[in-house]
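Asker:
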Amino acid sequence: MSRRVVEHLSRTSENELLTVITVFEDGINKQTARQLVPYSKRHGVLISSGDGYEWRG
1 MSRRVVEHLS RTSENELLTV ITVFEDGINK QTARQLVPYS KRHGVLISSG DGYEWRG
């Protein structure tokens with residue numbers, strides 16, 4: 001199975017820049033991920049390969 005990954009930038013209360021990465025459970029499609037995190041800019045997929053995952057951006 002594959003896992004959807006979304007990435008966006010945010011700022012802390014001290015105005016520091018953060019990169020927020022959200023990894024969703026198996027079975028979430030890109031449209032659902034966009035609805036849950038509408039301000040995200042980068043979407044990718046982690047595909048299960050043996051013992052680990054392979055990144056597909």
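Here this note's numbering is used: the first residue of the sequence shown is 1, the next is one more, and so on.
Note that beta-carbon positions come from the ideal geometry of N, C-alpha and C, so glycine has one too.
Please identify the residue among ASP51, TYR39, VAL5 and LYS41 whose C-alpha is closest to the C-alpha of ASP26.
Answerer: Of the candidates ASP51, TYR39, VAL5 and LYS41, the one whose C-alpha sits nearest the C-alpha of ASP26 is VAL5.
Asker: Keeping to the same chain, check which residues put their C-beta closer than 8 angstroms to that of LEU18; ignore five residues upstream and five downstream.
Answerer: Taken in chain order, the residues that qualify are LEU9, SER10, ARG11 and THR12.
Asker: Let me check understanding here. Comparing Cα to Cα, which of GLY57, SER40 and LYS41 lies closest to ILE47?
Answerer: That would be GLY57, whose Cα lies nearest to the Cα of ILE47.
Asker: Can you give me the start and stop residues for the alpha helix (DSSP H) that THR32 sits inside?
Answerer: Residues 30-36.
Asker: DSSP state of GLU16, grouped into three classes?
Answerer: GLU16: coil per DSSP, three-state reduction.
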